[in-house]
Structures are given as structure tokens and as C-alpha cells.
């Protein structure tokens, strides 16, 4: 079922964030997007929202109910509705939204493409995963592919005739890619034979596209052990003839499907490369630099995962809000008499608390996802090295947060959405239990949230003596400076200023421990650090939204005033209910708590 | 699959809690359980654990996969394995474990029966729900049934030939039972005809037993509106002849099944009473006092729900711990070289944090569930009014916590168990995603957690000018007094003492607001209050476990020392990582935060 309340709200939220908070129109002044008129961005986003509601949302339920299955011949079947939805998506040109026009894309800013993705994620994330993975793989080829690879594979991918995958994990190498064993054996013609077993490959096998382009991490024979001996290879499901016609099958065998709790529409496969027949691949980028090449794709994939987690939370919030407006049940505690009329459950304080909590998680997460996307555009269009470095820094430190924070708090929003509906929310009559199951994937894939914490604290925050971290704090403090004279925002700016100080102090103490050489202790609570800094960043996103709302309030229509008042009120809620959580985290990080580290293994 | 690691650990945990922390053997000195020898309790609990592992656990997967379905004739089918498991359970006599011998039960202390349930819940909660509901219904009949009702229905229920249900909710009366509309029309022979539609009835229809005994809430024609006009009726699926043989079907029609995210083995039904044929019921207890009668059942049902939530969390903890011991992946952050050996993931700090968090949630919850059960035994065996009142008070204030706290934190434990396994945990190859889905029911049924918060703060804490609340604090302070001179426990006693003071201060401020007449504001954050007091109660349970462990340490074997050290370490972890969460809650409760209440409805 398409849920109009989700998409009507999304339209308004995206317009507010894109036009008013982020002022994406300003990207046109860089000259990079001058082919677009002032209204084009909004028009295109609105069209994407409509397509998501009409074409993607209706098949979400069947995709969940009819899980992909393996046929005896090793092929797989997926519901027909998936192909229909994906074809409509491809015909709309969305797959290449952010890719340049010279390879068949629309040449839109990345932030606009992400706003479009937001709509498709809210409608049907498991379906959206196929084009999203394809666009990410195409982007890698665009940046690192040889001319021959580009000529043969890039345009069919942008056109949605070939789909793409990322092939990293192996049975004994999941989070630890350094241990991967898949081999690439050099051939006389410059190609490689790929041999090995891979796991957790989304979209690894299907008949939804003419071909599948696997980007595979493997180790060239004789390469060094560890992370520095890994290279990336392009491995098509079907070989492609020089004239672009499809050749014979390459040696890629489907060895199994993973049966997941949720996200079922995205087929998840185990593949064997070169087991039954030779599997030919070509090198992408530089030998032994496969991880760096993959990370080019992974950073965008990570913010994409975070955005997906946000949007499942967003859809759940809106469905539970609509329910709360309509469902009449119970009375106010000071009017409990049997002759008093029952009220919509939206009137109950605890239901409001659950709705506001969802609102601050998902609208805060959406703000962060789009902000990061805009930084990517600014980075791409920046002309001086200093600006590029500053943007690189901000993106480096924000990416693990943009992945992990929404994938922690998006599912919590879904949990609360179920609770608002009570027993009904626990049934398949409503989509909330599906969002809850689907969203549980997000803290796991594209680097578990634990890995993100280690990346943030162990790598991003400490790099260049904390340069990126200081840039983040400076950016937050710049917002505080911009808004602190607005009376309606003083509670927020004061609280955020205190929080930034606490985070700075905590980070310095951690840094001192790292300098002292006790790396294990330094990183022992990296996940708590991630959540702490994440909450501060989201409070910042709320200050930006509240500040914009406060500035617009006077000229707003009555209807708009309610919307803007909601932003102000939600920002206060985040400040009062959520931001104080960082105090507990700061305390345990500052004292370098070692309780988990020192638990004897036999005592669990 | 039966998971021996779960049951071996449970055996040890239950022995520790029952024998050492709670000293349940002392119940024998009351004379009420003098038929049991010193070793009997432990022997019987161990037998239940074995039965749970062998008979209940193996069919959990199929019960989930093969959801109950409605046949065209209105009957339902469930997997055969369910009947097999339930028959074994009944033959073992577990259904009547806590019921007196004169009605066919085993006459065991309630705390021993709950320990047995704990094992069955850990093995297969959806299957355990049938006998648990039956035992609860039997207990109501034992307390409130007429001699005729007892003669006809009680023994067949204890023997497991008839199953029982609780029939409360209606389509327009879920959380708000005051609005229920089902009518009871008095007949000349003293019976009633029941007419109305009911929902969310677990075990409402099946062929697992010869008959089903519904305990139905309905309104006698002419009764007052609201909660004070509700009566309880015994409504059998099949009428029973005076000689105990089964008569014709009563007018109870299955109108639909709820298709749930989890807990699928427990069939959940919508029933129509008196729609197609007359439906005859008999009054249970006093006219218009049906809610009080139902609450006799509901308090035990509520602590039972909490225990179930704990045990799903417990099973997940043990499975994820075993995985963490065996799965080798990654290296320490100070030994990351490719030539360093990979380590079991139990070595990683963040995995340890996730395991310890699970441990403190589930072993703390288990301590609370059994403590409450022991209070019920002490209440039943108490001979003086003063003791009974004190125990009533403690149970009143602890019941909403014993229901809601584990049903909030048990699912969080399951969430962390999935995360420990990563992608594997998200697949159906492991039981963790099933626990996660099953456990999500617990914050909803038997009174949502929001309702529990209102019950705790709005009713239990304020009753008799806070008498029950003060008794709870006195009991916690008595524990602190008992342990504060033990050096190894001083961190815990100091922290708990501070927490108790903070809760007392917070409660006084709330009480003052209530006295001032602002009931809405007083109750606006009742759920936060519930979580705050819940964390303090669980910290107390951990002090009790740590105190016992500290006292036993010197004489313990090496293996036991690791177990006891685990208890001490976990108590420290709870004190350091979890207990400080109450500070945020206390602050917002003390300032009577109204942010949720004052959000304009149009601004969400």
C-alpha cells in the first residue's frame, strides 16, 4: 500500500531542508550545475517522490512476503513486481541522477540525488538497493576504470541494463578484510583468473538486468599479506564481446542465498568465483590499492546506508503519527470518568513522547544525510586546495557518524512506531514490523557500527593531530555563533555549546591516552564515543533547522507556522531529552573505563 | 536445535539465584512446603531444564516457520510438533507446578515454578504460553470460582486436558478496558448469554486440548459504564455435561487470526461470542468486580511476561557468547600486522561491551523475576497481617517494573546478540533474529509499558501516601547496609545509595506536583520514571548477586570462582555503564518537563 501521509510530509521536509536550511540553489552559482533552472531541483525531487509513492511503495509488501528463492538450475526467482518497479525507476533516469551527462546521467548535484534516494528508501528500501549499488559501482568505474572498462560497462550500468555489486566478504573474512583469500591469477593477455568464495553479496545473482558487474576484492598471486595486498577486479556475470554484445557466462556460481529477517527483497548471495569454469576479471585501479578504490565507493555507500536507516524510521514515524491522530482510546488522567469522551491517542503524553522521539531521530538524521551530501557537492566543485582539504576533513569525520548514528536510532524510531500502535503494530496488517525488521540490517552492513566507532576515534579524529575533529567543532561553533543572539534559540545554543566543550575535553583526554601508547584502552569505548559525538552532531543539525524555522516564522502562513513551530519544538525536545545522554558517555570515556576490557574471558 | 550452552548456563544461574541469593530452601521452614526434601527443589528445577532443552527447544524453529492458519471450516492448524511438546510438558506435571496438590498440582513454591518456566521460556516461549495461560486461568478459578466451576473445570485444566485463555480486549477497547462493550445477558437459570467481539486472544482457538476455558470480561446488562461495571465470566468452547463429559459447542466463533512479526507459535485470535449461536457463560467472582478478579491473574501474568522477556534475552546472550568464543576474526588494535594471528572476537572490547550489557540485562532481570516470585510465596505463607501488607506493598510497586523493565531491556539484549554475530545474526541460520522478533511482543501485551509507567507512578507509588514506595527504598537500603562494609562492594553500595537518594528526591518533587493538582504534568514522563526506578531496582538485584558472590569467593572451586568473579564484574559494569542513565531521567522528571505535552498537535 502506498501511504500518502509519508510522501506528503517528505515533500515538505525535503523542500525545507534543501531550499531553506541547506540552500542547495547556491550550488548553481558554482557553474557546475548551470544547466539547471532555479526551480529544476525542486521539480525533480517532487517527481521522484511521486514515482517512489506510485511505483516503488506498492510492491514493498510482496517483496517481503515472497523472499527470493534458488531454483534447481542455480538461478533465482524474485517477484515480478520487483522488475516492474525497477524498470520504472530506470526509465525515470534516477539511476544516473548524480552521474555526469557524458556517461548518460542527469548531472544533478549529489545532494539532489540523495533527496531522491530518500524518497525511494522511504517507499521500498530493498528495491532501491539494486540501483543504489549499481550507481555506486558505476561511480567507481568512472573514477578508476580503464577506458576499455568504461567503454564496455559504464553506460550500460548508468542505463540500468547492467547492475553492479560490491564483492568483499568471505566466509573467514567479514569485518576483517585483511584476511581475504580470494586469488587473482595473472594471465598472458593482461586479465586475471579469479578464484575464491565470497559471501554477503547483495544483488549477486538475478535476472533483473542483462548482466551483473561484480567489483571484487582479491589478492594477486604473490601480493603482500594484509590490507595492502588487495586489488579490485571487474568481473562480469557474462563476458561482453568487443562489439558490446553479451558473450558466454563467466565462471561465477551462485552457491547459496542468505535468508534474512528483513530486507528480503534485496537478494543476498554467496558466490564462488572460478570454481566450475574460469572466471575472468580485469584490474580496476592500481594493483594492491583495491581497498582505497573500494573506499571511494564505500564512503558514499556508508552515508547511503545511514540515509536508508533514517528513511525507514521516517516512514514509520509518519505512519504511527497518522494512526495516533485517528485512533481514539483512553482519557486524560484528570478526566478519567466513564462519561468523559475518549480522545485520540495523540493526546496522551507518552504517545507524544514516542512520536517526538521518532521525529527528532529521523528528521535530525535526514538533515545530517543531506548535509553530508551537500559537502560532497561542495568538495566536487571546490577550486582551491584549502577548501577541498577542509571539506575532506569534515566528510572524513562525519561519514562514520552519518552511517552509524541513523542506523542505531532509525531502528529505535521503528521500535517506537510499533509501540504507538500497540498490538496492531506487531502485526503484518501494518508496515511497521517490516520496517523494524528491514532496518535491523543497517547497523551491520557496510561496516558494522562497532567498526565505524573504531574508524571515527582510531582514525578520523586522531588523523593530522585532530585536524578534522577541530574543523568539525569549528563548524558547529560557527552555527552557535550565528544563532546565539536569537532569543528563541538560546536554550539550544547554550546546551550545544556546553556539549561541544564536553566532547572537546573528552577527546583531549582520550588523545592523551593514545599518545601514552595504551591503544586498547583508548579504543575500548569507541562505540560510546561514536554515539556521543553523533548526538552532538544531531543537536547541531537541529539547531540549524530550528534557526531556519525561527527566521522564517514571521512571514509564514498559518499552516507553515505549525510546521516551523514543530521544528522549533522538536529541537527543544532533542536538547532536553536526548542531548543530556552524552554526560554518561563523557564520564566513562574520560575515566578510560576498562570494565569491559578487564572482564576475564571465563567469567562471562 | 537445542542449544546446550543455554541450558548449562541456566542451570548454574538458577542454582546460584535460588540457593545462594534467595535461599529458597528457607521457605520449607514455614511448614507450607514441608513435603519436600532439602534437595527436591533443585532436582525438580534441573529436570525442568532438561525437559525444556529436550522437548521444547527442538520445535521452536518450526513453530515460527509454520504459522498457525485458519481452515475453511473455521478451525486452525498448528504444527504437530507443538502438540507433542505440550503433551510432554503436561505429562511432566509442569502445568500444575505451583498449584496445590488437592487440585492435582505439585504444590511447589511459586518461585520454583517460575524457575521452571524460565527454562521453558528460554527454550520456546511461544509454546510455553499455552500452559502458562492455562495455569494463570486455573489460579483465578481456584481463588474466585464457584464450587461447581471448580468441580467441572479446575482439575481438567491442571491436568492439561482443558486449556485456558484471558479474554479482555475488543476492537475499540485495547488499553482502555473501561470502554469494553461485550454484553452478558442474565438468563433464568443463573447463567448469562455473552454477546460481543473480542480481540488479541492468545490460544483462543486450537485443537491442542479437549476444551478451551475462556475467562471473559463483559458488562452485565444495566451495569454501570466504565471499569466498575465489568464482570468476569467462564465461557467454555464446548459446554460440559454434569458428568464431566463434553457437550455441544458453545457459541464462540473464530473470526480471524492475527499475523504477527514473532511469537508465532502462540496462536492469536479474534473471537465472536454469541454471534452465530447462543454463548453461555457463568459468573466468576462478584458482579461488577471483574477487573479485580482479572488482576489477580494479571499480576502474575505480568511478572511472567517480564520473565519471558528476560529469558529470550538470556538465550540470545548465551548463543552470542558461544559464537564470540569460537569465531576468529580481526586483531587487537595494537597488534594489527598481517602476520599477527587473528583472535576470537570475544577479545574485542566492543564485543565484550555488547556481551556484558546483555549479561547485566538478563541476569539482572532473572534476579528480579525470581525475587518477585519469592515475595509471592512469602506473602502466601505469611501469618500476620503486618507482614502480608508489607509484602503486598512491595509486590504492588515491583510488578509494573518486573513486567516492563525486562520487556524493554530483554529485546535490547537480543539486539546486541544479533550485532555480536553481525550478518550471521541477521539470518535465520541462527535463532537470534527469532528471539528479537518474539521478544518485541513483550512491551505490548499484558498492559503496554506506557500503561505500566502510569500504573507505577500514578497508582502504586502514590498509594497510601507513598507507603509502598518507602518500603521499596527501605528494602534496598537494607541491602546496602548489609554489604557496605565489604570492601569489594563499596563502589556498588555507594553508587546505589546515591541513586536511591536521587530517586527519593525525584519522587518527592513529583508528589508535590500531584498534590498541586497538575495530574497531567505529574504523569507526563511516567515511562521515564519507570525506567529510572527500574534501573535502580536492577542495580539492587546486582548488589545482591555481587554480595553473595563476594561472600562465597573464598571457599569456591576455581571454576566457581570464575562464575562468581563474573557476577562481581557484571555488577560493576551495571554500576558504571547503566546506573548513571538515571541522572538524565531524574533531571527531566524533577523539572516536570512538559515538552511532549505542549507540542501543538498540528506541529508533529
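Chains as they are written, first to last, in our numbering: chain F, 19 to 622; chain D, 19 to 622. The beta-carbon is built from N, C-alpha and C at its ideal position, and this holds for glycine as well.
>> Rounded to whole angstroms, what is the Cα-Cα separation between residue 214 (chain D) and residue 357 (chain F)?
In response: Using only the alpha carbons, I get a separation of about 21 Å.
>> Within the continuous beta strand (DSSP E) that includes residue 267 (chain F), where are the two ends?
In response: Start and end: 264 to 267.
> Interface residues of chain D around residue 15 (chain F) at Cβ under 7 Å?
Replying inline: No information on residue 15 (chain F) is available, as it lies outside the stretch 19 to 622 that chain F covers here.
> Which of the three DSSP states, helix, strand or coil, is assigned to residue 47 (chain F)?
Replying inline: Note: residue 47 (chain F) maps to helix in three-state DSSP.
> Mapping DSSP to helix, strand and coil, what is residue 558 (chain F)?
Replying inline: In the structure shown, residue 558 (chain F) sits in a helix (DSSP, three-state: H, G or I).
>> Restricting to Cα atoms, I'd like to know which of F:519, F:417 and F:527 is closest to residue 325 (chain F).
In response: Closest in C-alpha terms to residue 325 (chain F), from the list F:519, F:417 and F:527, comes F:417.
> Roughly how far, in whole angstroms, is the beta-carbon of residue 107 (chain D) from the beta-carbon of residue 394 (chain D), given that I think they are within contact range, below 8 Å?
Replying inline: That belief does not hold up - the Cβ atoms of residue 107 (chain D) and residue 394 (chain D) are roughly 22 Å apart, past 8 Å.
>> If we define contact as Cβ-Cβ less than 8 Å, is residue 613 (chain F) a contact residue for chain D?
In response: So yes, residue 613 (chain F) belongs to the interface.
> Taking just the CA atoms, how far does residue 84 (chain D) sit from residue 95 (chain D)?
Replying inline: Annotation: residue 95 (chain D) to residue 84 (chain D) spans about 10 Å, alpha carbon to alpha carbon.
> In three-state terms, what does DSSP make of residue 157 (chain F)?
Replying inline: In the three-state DSSP reduction, residue 157 (chain F) falls in the helix class (H, G or I).
> How about the region 202 to 220 of chain F and the region 339 to 358 of chain F: do they share at least three Cβ pairs that are nearer than 8 Å?
Replying inline: The region 339 to 358 of chain F and the region 202 to 220 of chain F do not touch, with fewer than three beta-carbon pairs separated by less than 8 Å.
> DSSP state of residue 206 (chain D), grouped into three classes?
Replying inline: In this structure, residue 206 (chain D) counts as coil in the three-state DSSP scheme.
>> Against chain D, with Cβ distances strictly below 8 Å, would residue 538 (chain F) count as a contact?
In response: Yes, its Cβ sits closer than 8 Å to a Cβ of chain D.
>> What does the alpha-carbon distance come out to for the pair residue 549 (chain F) and residue 335 (chain F)?
In response: C-alpha separation (whole angstroms): 21 Å.
> Taking the alpha-carbon positions, what's the residue 460 (chain F) to residue 589 (chain D) distance?
Replying inline: Using only the alpha carbons, I get a separation of about 31 Å.
> Taking C-alpha atoms, which residue in D:592, D:537 and D:146 lies nearest to residue 70 (chain D)?
Replying inline: Nearest C-alpha to residue 70 (chain D): D:146.
>> Cβ closer than 8 Å: which chain D residues qualify as neighbours of residue 437 (chain F)?
In response: When 8 Å is used as the limit between beta carbons, residue 437 (chain F) is near these residues of chain D: 461, 462, 466, 467 and 468, in chain order.
> If you draw a straight line from the alpha carbon of residue 500 (chain F) to that of residue 569 (chain F), how long is it in whole angstroms?
Replying inline: Roughly 12 Å between the two C-alpha positions.
>> What would DSSP say about residue 521 (chain F), mapped onto helix, strand or coil?
In response: In the three-state DSSP reduction, residue 521 (chain F) falls in the helix class (H, G or I).
>> Quick check on DSSP: helix, strand or coil for residue 180 (chain F)?
In response: The answer is strand: DSSP assigns residue 180 (chain F) an E or B state.
>> For residue 227 (chain F), would you say it is in contact with chain D, using Cβ-to-Cβ distances shorter than 8 Å as the test?
In response: By the rule that beta-carbons nearer than 8 Å mark a contact, residue 227 (chain F) does not touch chain D.
> Is residue 474 (chain F) near residue 554 (chain F), with beta carbons less than 8 Å apart?
Replying inline: Judged by their CB atoms, residue 474 (chain F) and residue 554 (chain F) are not nearer to each other than the 8 Å cut-off.
> Measuring CA to CA, which of D:565, D:576, D:597 and D:601 is closest to residue 585 (chain D)?
Replying inline: Of the candidates D:565, D:576, D:597 and D:601, D:565 places its Cα closest to the Cα of residue 585 (chain D).
>> The alpha helix (DSSP H) that contains residue 363 (chain D), what's its start and end?
In response: For residue 363 (chain D), there is no enclosing alpha helix (DSSP H), as DSSP gives it neither H nor E.
>> I need the straight-line Cα distance from residue 517 (chain D) to residue 487 (chain D), nearest angstrom please.
In response: Residue 517 (chain D) and residue 487 (chain D): Cα-Cα distance of roughly 14 Å.
> Helix, strand or coil: how does DSSP classify residue 214 (chain F) here?
Replying inline: Here residue 214 (chain F) sits in strand by DSSP.
> Is residue 191 (chain F) helix, strand or coil by DSSP?
Replying inline: Strand at residue 191 (chain F).
>> Using beta carbons (cut-off 8 Å, strictly below), is residue 97 (chain F) in contact with chain D?
In response: Using a Cβ-Cβ cut-off of 8 Å, residue 97 (chain F) does not count as an interface residue toward chain D, since no Cβ of chain D sits closer than that to its own.
>> Closest to residue 468 (chain F) by C-alpha separation, out of F:193, F:446 and F:25, would be which residue?
In response: Out of F:193, F:446 and F:25, F:193 has the C-alpha closest to the C-alpha of residue 468 (chain F).
> With a cut-off of 8 Å, does the C-beta of residue 591 (chain F) fall near any C-beta of chain D?
Replying inline: So yes, residue 591 (chain F) belongs to the interface.
> Do you know offhand how far residue 365 (chain F)'s Cα is from residue 542 (chain D)'s?
Replying inline: Spanning the two alpha carbons is a distance of roughly 11 Å.
>> Suppose the cutoff is 6 Å on Cβ atoms and the five residues either side in sequence are ignored; what does the same chain contact list for residue 373 (chain D) look like?
In response: Only 339 meet the Cβ criterion.
> Roughly how far, in whole angstroms, is the beta-carbon of residue 87 (chain D) from the beta-carbon of residue 137 (chain D), given that I think they are within contact range, below 8 Å?
Replying inline: Actually they do not touch by this definition, with Cβ atoms about 29 Å apart.
> Terminal residues of the continuous beta strand (DSSP E) containing residue 232 (chain D)?
Replying inline: Residue 232 (chain D) -> beta strand (DSSP E) spans 229 to 238.
>> Looking only at its chain, what residues have a beta carbon closer than 7 Å to the beta carbon of residue 558 (chain D), apart from the 5 residues adjacent to it on each side?
In response: Result list for residue 558 (chain D): 494, 497 and 514, in chain order.
> Between the region 598 to 615 of chain D and the region 400 to 407 of chain D, do three or more beta carbon pairs fall short of 8 Å?
Replying inline: Because the criterion of three Cβ pairs below 8 Å is not met, the region 598 to 615 of chain D and the region 400 to 407 of chain D do not touch.
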